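K.L.:
Just so you know, we're using this note's numbering here: the sequence shown kicks off at 6 and counts up by one.
The beta-carbon is built from N, C-alpha and C at its ideal position, and this holds for glycine as well.
This structure is a prediction, so every number in the text was calculated from the model and none was measured.
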Amino acid sequence: MSKLILTQEVTGLGAAGDVVEVKNGYARNYLLPRGFALTWSKGGEKQVDSIKAARSAREHASLEDAQRQAAALSAKPVTLTVKAGGSGRLFGTVKTDDVAKAVEAAGLGKIDKRKVELPAHIKSVGSYQANVRLHEDVAAVIDLDVVAS
Numbered sequence: 006m007s008k009l010i011l012t013q014e015v016t017g018l019g020a021a022g023d024v025v026e027v028k029n030g031y032a033r034n035y036l037l038p039r040g041f042a043l044t045w046s047k048g049g050e051k052q053v054d055s056i057k058a059a060r061s062a063r064e065h066a067s068l069e070d071a072q073r074q075a076a077a078l079s080a081k082p083v084t085l086t087v088k089a090g091g092s093g094r095l096f097g098t099v100k101t102d103d104v105a106k107a108v109e110a111a112g113l114g115k116i117d118k119r120k121v122e123l124p125a126h127i128k129s130v131g132s133y134q135a136n137v138r139l140h141e142d143v144a145a146v147i148d149l150d151v152v153a154s
């Protein structure tokens with residue numbers, strides 16, 4: 006088992022600044038090469054404090070702000086206009102960045118594309134749902150309407 010300090014939020018594992026223990030292969034092949042984590046050391050306490058300070062600066066100012074934005078996101082469906090063929094199949098796939106830009110264009114506030122989770126690849130026109138983690142304790146479900154341009 007490897008002991009690591011997370012530098013970014015990893016779904017199902019922890020948030021930035023958390024100290025976690027994972028299997029060696031997961032650390033060596035996924036977390037460390039992608040920059041999601043650093044190896045833990047005795048001097049790592051200072052790193053943990055600085056990472057947590059940066060995370061708190063990036064997060065919503067308060068839980069109430071996150072809950073307010075979650076209510077706004079859940080109340081109104083977001084429309085994504087994409088290129089599609091005659092049968093409704095997309096040329097490519099919808100990415101988290103596309104969802105974040107559509108939310109901002111709809112006037113529902115700015116969200117980080119790394120906080121958006123798509124349950125499956127969106128490759129055709131239709132209605133879908135995406136999850137957004139706005140705060141450690143607040144998540145919102147966005148209704149997506151994917152339409153052809």
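#1: Where DSSP assigns a beta bridge to residue 74, which residues make up the other side?
#2: Around the Cβ of residue 152, are there at least 16 other Cβ atoms within 10 angstroms (buried) or fewer (exposed)?
#3: Taking the CB atoms as reference points, tell me whether residue 11 and residue 23 lie closer together than 8 Å.
#4: Per DSSP, residue 35 forms a beta bridge with which residues?
#5: In the DSSP output, which residue or residues are listed as bridge partners for residue 102?
#6: For my contact list, residue 82 and residue 150 are in at a C-beta cut-off of 8 Å; report their separation, rounded to the angstrom.
#7: Between residue 77 and residue 110, what straight-line distance do the alpha-carbon atoms span, to the nearest angstrom?
#8: Excluding the 5 residues preceding and the 5 following residue 134 in the sequence, name in chain order all residues of the same chain whose CB lies nearer than 8 Å to its CB.
#9: Going by DSSP, what residues sit across from residue 165 in a beta bridge?
#10: Which term fits residue 103, buried or exposed, when burial requires 16 or more other beta carbons within 10 angstroms of its beta carbon?
P.N.:
On the basis of the coordinates in this document:
#1: None, per the DSSP bridge assignment.
#2: Exposed, because fewer than 16 other Cβ atoms sit within 10 Å of the Cβ of residue 152.
#3: Result yes, Cβ atoms of residue 11 and residue 23 sit closer than 8 Å.
#4: By DSSP's assignment, residue 35 forms no beta bridge with any residue.
#5: In the DSSP secondary-structure assignment, residue 102 is not bridged to any residue.
#6: Going by Cβ atoms, the distance from residue 82 to residue 150 rounds to 5 Å, so yes, they are a contact pair.
#7: Between residue 77 and residue 110, the C-alpha separation is close to 14 Å.
#8: These residues qualify, in order along the chain: 124, 146, 147, 148 and 149.
#9: Because the chain spans 6 through 154 in this model, residue 165 falls outside it and cannot be assessed.
#10: The residue in question, residue 103, is buried, as its Cβ has 16 or more Cβ neighbours within 10 Å.
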